[in-house]
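Take a look at the structure set out below.
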Amino acid sequence: MKWVYIAIVVAATTVGEVMQAAGMRRNGEIHDFRPSALGRALAMLSRNIFVIGSVVAMAVSFFAYLGLLTIAELSFAVPVTAITYVLETILAKYILKEHVNRLRWAGASLVICGVALVSL
Amino acid sequence: MSHEAARLRLKTWICAAVVVLSNVFGNFFLKKGMPADLPTPWSYVTVLFHPLVTLGVVLLILWMMSRMALLSWADLSYVLPVTSIGYALVALVGWLFLAERIPAKRWAGIVLIVAGVALVSLGTAPRTHKPEAGR
Chain A
1 MKWVYIAIVV AATTVGEVMQ AAGMRRNGEI HDFRPSALGR ALAMLSRNIF VIGSVVAMAV
61 SFFAYLGLLT IAELSFAVPV TAITYVLETI LAKYILKEHV NRLRWAGASL VICGVALVSL
Chain B
1001 MSHEAARLRL KTWICAAVVV LSNVFGNFFL KKGMPADLPT PWSYVTVLFH PLVTLGVVLL
1061 ILWMMSRMAL LSWADLSYVL PVTSIGYALV ALVGWLFLAE RIPAKRWAGI VLIVAGVALV
1121 SLGTAPRTHK PEAGR
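Written out as structure tokens, the structure reads:
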């Protein structure tokens, strides 16, 4: 049961964050940080299919995470979710077409090892 | 570094700082305001009106929005490692304000995270794709 929850959390988080990045990319760079402009940007985003999808996926991930916490320890749950770093970096390269150079791979690997050490 | 690249980098660092600090302190206030247990389903609702919990939730909403703004121009493969400095800060905040002990293994993890963040944030540009046409 534990691994079912982990699979749902990891899959939903990965899908949600990649969709969020895709949706925000499609929206374009936010330049204007005045409240009225941010309100207009939010109204635009609420009609962005990728952003809507990412909110649904993150809600699934949140409730599966709560379920995971009822049967697993926090110090196990947090490092396990670091798996999403690897998956999301791979998807960033192949789906979002980002140029993930050696420095970024090295940085992401260091972070994953660090997160595991901090939380295990 | 061109003027445009310098502008984008400064904007990225300011926004990333907001993302990280709102997440760290949002979780901190949430933890601080949370009572030891929530006995009834209704207490899950009333706890939201505890001042520290409300502050935590407001900060986490700010976190969500600033992260979306950051992703509107920066790569996901940049944002992920750079904002993970929060894992190190959470441990430091626990050490400073909650008198939690940090064992040697955790310090080693913090050093690795900081090294990874430095590598990505200082060594690579935030954006590797061309801005959308017409901007």
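Just so you know, the sequences run in chain order A and B. The numbers in our numbering rise by one with no breaks, and the one at position 23 of the first sequence is 23. The numbers in our numbering rise by one with no breaks, and the one at position 59 of the second sequence is 1059. All residues carry an ideal CB built from backbone N, CA and C; glycine is no exception.
Spatial neighbours of residue i within its chain, please: C-beta separation below 8 Å, excluding the five flanking residues on both sides.
i, result
"Arg104 (chain A)", "Thr89"
"Arg25 (chain A)", "Leu96"
"Leu1060 (chain B)", "Ser1022, Asn1023, Gly1026, Asn1027 and Leu1030"
"Ala62 (chain A)", "Inspection of the sequence shows that residue 62 (chain A) is occupied by Phe rather than by Ala. For Phe62 (chain A), where only same-chain residues beyond five positions count, there are no Cβ hits under 8 Å."
"His1129 (chain B)", "Asp1075"
"Gly1134 (chain B)", "Summary for Gly1134 (chain B): the model assigns pLDDT 41, below 50, so the residue's position carries little reliability; its value from the coordinates is reported in the next sentence. Same-chain partners within the cutoff: there are none."
"Asn1106 (chain B)", "The question names Asn, but residue 1106 (chain B) is Arg in the sequence shown. Same-chain partners within the cutoff: Ala1091."
"Ala59 (chain A)", "none"
Label residue i either buried or exposed according to how many other C-beta atoms from any shown protein chain fall within 10 Å of its C-beta, with 16 as the threshold for buried.
i, result
"Tyr94 (chain A)", "exposed"
"Leu1119 (chain B)", "buried"
"Thr1046 (chain B)", "exposed"
"Glu17 (chain A)", "buried"
"Met1 (chain A)", "exposed"
"Met44 (chain A)", "exposed"
"Arg47 (chain A)", "exposed"
"Trp958 (chain B)", "What is shown of chain B runs 1001 to 1135, which leaves residue 958 (chain B) out entirely."
"Asp1037 (chain B)", "exposed"
"Thr70 (chain A)", "exposed"
"Thr115 (chain A)", "With the sequence shown as reference, residue 115 (chain A) is identified as Val, and Thr is not the correct amino acid for it. The residue in question, Val115 (chain A), is buried, as its Cβ has 16 or more Cβ neighbours within 10 Å."
"Gly39 (chain A)", "exposed"
Just to confirm my understanding: we take residue i, look at its own chain, exclude 5 residues before and 5 after, and list those with CB closer than 6 Å. What are they?
i, result
"Tyr1087 (chain B)", "Ile1113"
"His1003 (chain B)", "none"
"Ile112 (chain A)", "Ala82 and Tyr85"
"Leu1021 (chain B)", "none"
"Leu120 (chain A)", "Pro79"
"Phe1029 (chain B)", "Leu1052, Leu1055 and Gly1056"
"Met1034 (chain B)", "none"
"Leu1048 (chain B)", "none"
"Thr1012 (chain B)", "Ala1074 and Pro1126"
"Leu1089 (chain B)", "Val1024"
What does a CB cutoff of less than 7 Å around residue i pick up in its chain, not counting 5 residues either side in sequence?
i, result
"Tyr1078 (chain B)", "Val1120, Thr1124 and Pro1126"
"Ala64 (chain A)", "Tyr5, Ile8, Val9 and Ala12"
"Glu98 (chain A)", "Ala92"
"Ala1081 (chain B)", "Residue identity differs from the one stated: residue 1081 (chain B) is Pro in this sequence, not Ala. For Pro1081 (chain B), where only same-chain residues beyond five positions count, the Cβ hits under 7 Å are Gly1116, Val1117 and Val1120."
"Val15 (chain A)", "Ala57"
"Arg1009 (chain B)", "Pro1126"
"Ala1016 (chain B)", "Leu1070, Val1082 and Thr1083"
"Trp1095 (chain B)", "Ile1102"
Is any non-hydrogen atom of the ligand ZN found closer than 7 Å to the C-beta of residue i, if you look at the structure I gave you?
i, result
"Val1018 (chain B)", "Ligands are entirely absent from the displayed structure, and the ligand ZN is therefore not among its contents."
Report back the beta-carbon spacing between residue i and residue j to the nearest angstrom; my notes put them in contact at under 8 Å.
i, j, result
"Ala1115 (chain B)", "Ile1102 (chain B)", "In fact, because the Cβ distance is near 17 Å, the residues do not count as touching under 8 Å."
"Thr1083 (chain B)", "Val1019 (chain B)", "5 Å"
"Asn27 (chain A)", "Ser1072 (chain B)", "6 Å"
"Gly1109 (chain B)", "Leu117 (chain A)", "3 Å"
"Ala77 (chain A)", "Leu68 (chain A)", "5 Å"
"Ser75 (chain A)", "Gln20 (chain A)", "Contact doesn't hold; Cβ gap of about 27 Å is too wide."
"Phe50 (chain A)", "Ala72 (chain A)", "Not quite, the Cβ-Cβ distance comes to about 31 Å (not below 8 Å), so this is no contact."
Which class does residue i belong to by DSSP, given the choice of helix, strand or coil?
i, result
"Gly28 (chain A)", "coil"
"Glu17 (chain A)", "helix"
"Pro1081 (chain B)", "helix"
"Val55 (chain A)", "helix"
"Ala1133 (chain B)", "Note that Ala1133 (chain B) has pLDDT 46, beneath the 50 cutoff, so the model's placement of it is unreliable and the number below is only indicative. Coil, per DSSP."
"Ser125 (chain A)", "With chain A covering 1 to 120 only, the question about residue 125 (chain A) has no answer from this structure."
"Lys97 (chain A)", "coil"
"Ala1074 (chain B)", "coil"
"Ala1088 (chain B)", "helix"
"Pro1103 (chain B)", "coil"
Give a yes or no on whether 8 Å exceeds the smallest Cβ distance from residue i to chain E.
i, result
"Ala64 (chain A)", "Among the protein chains of the structure shown, namely A and B, there is no chain E."
Listed in chain order, which residues of the region 1013 to 1035 of chain B have Cβ atoms closer than 8 Å to some Cβ of chain A?
-> For the region 1013 to 1035 of chain B, no residue has a beta-carbon sitting nearer than 8 Å to a beta-carbon of chain A.
Going along the region 14 to 37 of chain A in order, which residues come within less than 9 Å of chain B, judged by CB to CB distance?
-> With the criterion set as a beta carbon lying under 9 Å from some beta carbon of chain B, the members of the region 14 to 37 of chain A are Glu17, Val18, Gln20, Ala21, Ala22, Gly23, Met24, Arg25, Arg26, Asn27, Gly28, Glu29, Ile30, His31 and Phe33, in sequence order.
Of the residues that make up the region 1079 to 1113 of chain B, which ones have a beta carbon closer than 7 Å to any beta carbon in chain A?
-> Residues Leu1080, Pro1081, Ser1084, Tyr1087, Ala1091, Lys1105, Arg1106, Ala1108, Gly1109, Ile1110, Leu1112 and Ile1113.
Contacting positions in the region 94 to 107 of chain A - beta carbon closer than 8 Å to chain B = Result list: Leu96, Lys97, Glu98, His99, Val100, Asn101, Leu103, Arg104, Ala106 and Gly107.
Return the residues of the region 1047 to 1076 of chain B that lie within a Cβ-Cβ distance of less than 7 Å from chain A, sorted by chain order.
-> Those would be Met1068, Ala1069, Leu1071, Ser1072, Trp1073, Asp1075 and Leu1076, in chain order.
For the region 78 to 90 of chain A, which residues have a beta carbon sitting closer than 7 Å to at least one beta carbon of chain B?
-> Listed by position along the chain: Tyr85, Glu88 and Thr89.
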